[in-house]
Every structure is written in structure tokens, then in C-alpha cells.
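Following: one structure in C-alpha cells, then a few remarks.
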Amino acid sequence: MLEIFNIASWSVIKKAMNNQRGSIIIYSLLILLSIVTISVALIRIISPKFQILREASYSMIALYAADSGMEWCLFSNRTNPASSIPSKLQQLNTIPGVVMGYYDFDGAGVSACPYNAELNFRTVGTYRGISRSLGIQ
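Taking our numbering, I'd label the letters of the sequence shown as residues 4 to 140.
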């Protein structure tokens, strides 16, 4: 009688195992899907932070370009430079992507800051789409 019970219980266990065949694949896929979802969410949260860091460094380069332009503007306004633009400023103009512009506060572009003129200028430094402006009045 004991043997019949064991055989009967074994067939029930075997039948239950056959009914659950493939369930581990479903559980594995669910776990994999949840890991991928969490990973994508983290990447979407973190990737804008990298863009902000990159643009902060571009912003500093643009600010230095605007500052150099303003220093040249003050120098030429106070000392009537008969010479050309200083070599440091020329080197800044040759850095790929760095653009400096001189403007009056009405927005009209000017070529330089004239000697002894009223200090009413603004310089704009631009690098990779990021612009920074310094003004003096």
C-alpha cells in the first residue's frame, strides 16, 4: 500500500512539474524587463546632468572670451593703442569655435572700442552655442 501511495504521489508531483514547465523563463523575462526599465530610467535621469556639466565648461570659455574682449576694450579706450591687437587676444580669436563681438548697448555691432569714447560697450563671447556677455557703462 505504501508503494502505491508513493507511485501516486510521484505521478502527482510529475504532473505538477509538467504544468509549470517554462515558468522559469517567464520569471527570468520579468526580472530582465524590470532591470532594463530601471536602467533606462536612471540613464534618462542622469544624462541631462552630463549635458549641464559640459555646457558649464563651454560657458566658462565663452565668459573668458567676453572678459578678454572687455579688457581689450578698456585698454584701447584708455591708452589709444597704435599697435595691433595683443597676441593673447589674437590667439583667443583663433581658438576653433570661440567668437568675440563688440556691441554698443543699442545692439549695433562696433569694430572696436574707440579711444576716449564714452564707456558704453558690451562684449559677447560665444563658444559652441553658449554665449556670455559683459558690459560696461
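Quick reminder that beta carbons are idealized off the backbone N, C-alpha and C, glycines included.
Here the structure is a predicted model, which is why all the values come from computation and not from measurement.
Assuming the contact rule is C-beta atoms closer than 8 Å, residue i and residue j should be a hit. Round their C-beta distance to whole Å, please.
i     : j      : result
Ala69 : Gly128 : 3 Å
Leu45 : Asn80  : With a Cβ gap of about 53 Å, Leu45 and Asn80 do not count as contacting.
On the CB-based measure, 16 or more other CB atoms within 10 Å of its CB, does residue i come out buried or exposed?
i      : result
Thr82  : exposed
Arg47  : exposed
Thr40  : exposed
Tyr130 : buried
DSSP puts residue i in a beta bridge; with which residues?
i      : result
Leu137 : Thr126
Have a look at residue i and residue j and give me their C-alpha separation to the nearest angstrom.
i      : j      : result
Phe124 : Arg57  : 29 Å
Leu32  : Ala65  : 49 Å
Lys52  : Ser37  : 24 Å
Met4   : Gly25  : The predicted model places Met4 with a pLDDT of 47, which falls under 50 and marks its position as unreliable; any figure quoted below should be read in that light. Their backbone Cα atoms lie some 34 Å apart in a straight line.
Lys18  : Ile27  : 17 Å
Ser71  : Ile34  : 56 Å
Gln54  : Thr126 : 26 Å
Trp75  : Gln140 : 15 Å
Gly138 : Leu77  : 11 Å
Met63  : Tyr30  : 50 Å
Ala59  : Ser134 : 11 Å
Ser50  : Tyr61  : 17 Å
Ser42  : Val15  : 42 Å
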